[in-house]
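Trainee:
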Amino acid sequence: MSGELSGLQIFKYLPAAKKQECANCKKCGCPTCMAFSLKLAKNQIEIEKCPYAPEELRSIILDAVKVKQHEYTIGSKNIVKTGGETVLFRHDKTFVNKTVFAISLNSGDSDFDEKLQRVGNFQIERIGDVFKVDAVYLKDTGNFIQAAKKVDAEGFALILESDDAESLEKLKEVNPVIITKDPEAFKENLIVISSENPDNLERLSSQRIKDGYKKIILNPKMKNISETVEMLTYIRRMAIQEKFEPFTFPVMVKIPQSDNIAKTTSEAALLICRYANIIVFEDFDEAMFASLCTLRQNIYTNPQKPLQVESKVYDINEPDKNSPVVLTTNFALTYFAVANELESLPFGSYLVVTPSDGMSVLTAWSADKFTAEIAAKTVKKYNLEEKVNKKSIIIPGLLSHMKEELENALEGWEIVVGTIEACEIPEFIQSLGYGKNS
Ligand code: SF4
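So for the sequence shown, my numbering puts the first residue at 69; every next one is plus one.
#1: What residue from Ala-407, Lys-218 and Cys-341 has the CA that sits closest to Phe-163's CA?
#2: Along the chain, where does the alpha helix (DSSP H) containing Asp-383 start, and where does it finish?
#3: Can you tell me the Cβ-Cβ gap for Pro-318 and Ile-285, rounded? I've got them flagged as a contact below 8 angstroms.
#4: Skipping 5 residues on each side, what residues in its chain have a beta carbon closer than 6 angstroms to that of Ser-262?
#5: Going by beta-carbon coordinates alone, are Val-447 and Phe-438 separated by less than 9 angstroms?
#6: Check Gln-112 in the structure and name its three-state DSSP category.
#7: Helix, strand or coil for Ile-497? Go by DSSP, reduced to three states.
#8: Identify, in the order they occur along the chain, each residue of the same chain with its Cβ nearer than 6 angstroms to the Cβ of Ala-253, setting aside the five sequence neighbours on each side.
#9: Using a threshold of 8 angstroms, is the CB atom of Thr-100 nearer than that to any non-hydrogen atom of the ligand SF4?
#10: Relative to the ligand SF4, is the shortest distance from any of its heavy atoms to the C-beta of Pro-83 smaller than 8 angstroms?
#11: Between Val-148 and Ile-171, is the Cβ-Cβ spacing less than 9 angstroms?
#12: With distances taken from CA atoms, which of Thr-362, Asp-353, Glu-313 and Lys-458 is nearest Ala-337?
#13: Got a sec? Which residues, its chain only, sit under 7 angstroms from Val-485 by beta carbon, not counting five neighbours each side?
#14: Does the Cβ of Lys-134 have 16 or more other Cβ atoms within 10 Å, making it buried, or fewer, making it exposed?
#15: Measuring only from the beta carbon, is Tyr-205 closer than 8 angstroms to any heavy atom that is part of the ligand SF4?
#16: Would you say the beta carbon of Asn-111 comes nearer than 8 angstroms to a heavy atom of the ligand SF4?
#17: With 16 other CB atoms within 10 Å as the buried threshold, where does Cys-101 fall?
#18: Taking the straight line between their C-alpha atoms, what separation do you get for Thr-332 and Tyr-502?
#19: Over the uninterrupted beta strand (DSSP E) stretch that includes Ser-334, give me the two end residues.
#20: Which residue comes first and which comes last in the alpha helix (DSSP H) that contains Val-187?
#21: Identify the continuous alpha helix (DSSP H) that holds Leu-401 and give its terminal residues.
#22: By DSSP's criteria, Leu-269 is part of a beta bridge. Which residues make up the other side?
#23: Just checking: is the beta-carbon of Glu-89 within a distance shorter than 9 angstroms of some beta-carbon in chain C?
#24: Going by the beta-carbon positions, is the gap between Pro-374 and Phe-399 smaller than 9 angstroms?
#25: Write down every uninterrupted run of the alpha helix (DSSP H) in the region 419-500 whose length is 4 residues or greater and which is fully enclosed by it, in chain order.
#26: Am I right that Ile-142 and Ala-216 are in contact with their C-beta atoms under 8 angstroms? What's the rounded C-beta distance?
#27: Just grab the DSSP bridge partners of Phe-199 for me.
#28: Less than 8 angstroms between the CB atoms is what I'm expecting for Thr-167 and Ala-405, so what's the real figure, rounded?
#29: Just mark Ala-121 as buried or exposed, buried being the case when its beta carbon has 16 or more other beta carbons within 10 Å.
#30: Would you give the residue range spanned by the beta strand (DSSP E) that Glu-139 belongs to?
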């Protein structure tokens with residue numbers, strides 16, 4: 069169990085690397101110290117098998133296997149993951165599991181079904197991602213089991229708040245997060261620890277670990293948003309940098325009800341960036357969620373892997389032989405900006421998307437990820453000349469300097485320099501005479 073240490077890193081601590089007499093003694097069952105270190109790096113052998121492993125290596129290995137933040141799954145249908153973060157800043161690597169958005173509902177409300185339906189109706193697609201509410205925080209105010217089962221059937225993960233152990237017991241099967249005064253019966257389940265005091269939260273967490281609780285969510289209840297962000301930053305630092313066990317758990321924060329939706333939105337935005345794993349909202353507002361989901365998508369996109377779409381020819385609005393051909397790169401934002409404009413045309417079109425490692429047009433060109441050769445290869449690969457009567461390709465205005473180069477590479481094709489802004493595409497294409505005879 070070596071965590072992230074490589075075989076070579078382990079080897080330098082062993083007798084063979086230090087040229088000690090006991091080197092390659094085979095007492096561990098391996099033919100050499102190197103073989104032992106390679107096995108140890110792959111978690112295929114215990115360090116205890118080598119009687120000569122120095123104390124320093126033992127403690128390094130012990131530290132390397134400590135978890136920075138536990139990762140849990142919630143829900144029985146659409147499984148939601150939370151926690152599992154390994155860095156403080158997304159540019160260090162990437163954030164792993166996006167902040168879970170939960171809406172608070174009372175199980176006994178007479179308009180419970182309508183509220184649940186409204187939350188379920190919220191669905192927006194952006195850059196290939198579907199934005200939805202992830203979970204429902206269900207407070208037991210009557211009719212609890214029935215309400216929880218409805219929420220589960222709708223595909224939401226559940227955070228259950230109740231002091232009725234019998235009902236909670238019956239709902240274990242939906243794999244919920246549980247908030248209850250006496251969690252003794254739920255040691256194997258995901259339970260929440262709350263406190264208004266950082267020291268007390270740490271003490272409670274340590275006690276729960278000692279008592280054998282397996283899965284914990286931390287819920288600091290601070291006085292205001294600035295104290296909350298300060299506390300969440302402290303918890304995340306202690307988890308990532310110190311691997312301080314009582315704080316190696318996902319953190320849940322509730323945003324209180326407010327008439328000021330702008331305030332709620334800005335508070336939630338802060339919490340997405342610093343460092344809430346789960347946010348519970350008392351208010352539900354579609355516009356607010358659209359904004360927050362967009363922010364969350366940006367924060368949780370891997371900075372080393374730009375959002376990209378498949379490189380191919382996309383048929384927009386059932387194109388035919390008289391349709392225009394438009395070319396761009398496979399950066400998701402560029403693709404959706406262009407595709408949305410083409411969709412608004414009253415006739416079909418072909419959108420050729422080059423394999424450009426998810427880079428935008430100019431970035432791809434400057435990194436040699438969009439070249440005349442790449443463009444020509446893509447056009448030929450999808451037999452575009454057989455799809456249209458007019459062999460003409462509209463390229464992004466930002467690539468006007470490539471017109472000649474592209475015409476040389478794409479023999480027989482006319483290269484038309486298009487617009488710089490995507491929003492100008494429909495008017496530009498219509499000005500070229502497309503759609504007049506359709
Ligand atoms: Fe090397 Fe230790 Fe294995 Fe002996 S027991 S071969 S010293 S790793």
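Even for Gly, the Cβ is constructed at its ideal location relative to N, Cα and C.
All values reported here derive from a predicted model rather than from experimental measurement.
Mentor: On the basis of the data shown:
#1: Cys-341
#2: Taken as a continuous stretch (DSSP letters only), Asp-383 belongs to no alpha helix (DSSP H), being part of the beta strand (DSSP E) at 381-384.
#3: 5 angstroms
#4: Asn-287 and Lys-289
#5: no
#6: coil
#7: helix
#8: Ala-233
#9: yes
#10: yes
#11: no
#12: Thr-362
#13: Ile-463, Gly-465, Ser-468 and Lys-471
#14: exposed
#15: Checking every heavy atom of the ligand SF4 against the Cβ of Tyr-205, none is found closer than 8 angstroms.
#16: no
#17: buried
#18: 47 angstroms
#19: Where Ser-334 is concerned, there is no enclosing beta strand (DSSP E), although the alpha helix (DSSP H) it sits in stretches over 329-341.
#20: 180-189
#21: 400-411
#22: Leu-269 is not bridged to any residue.
#23: Of the protein chains in this structure there is only one, and it is not chain C.
#24: For Pro-374 and Phe-399, yes; Cβs fall inside 9 angstroms.
#25: 429-434, 440-449, 452-455, 471-477 and 493-499
#26: About 13 angstroms separates the Cβ atoms of Ile-142 and Ala-216, ruling out a contact at the 8 angstroms cut-off.
#27: Ile-192
#28: Not confirmed; about 26 angstroms, so no contact.
#29: Flag for Ala-121 reads buried.
#30: Residues 139-142.
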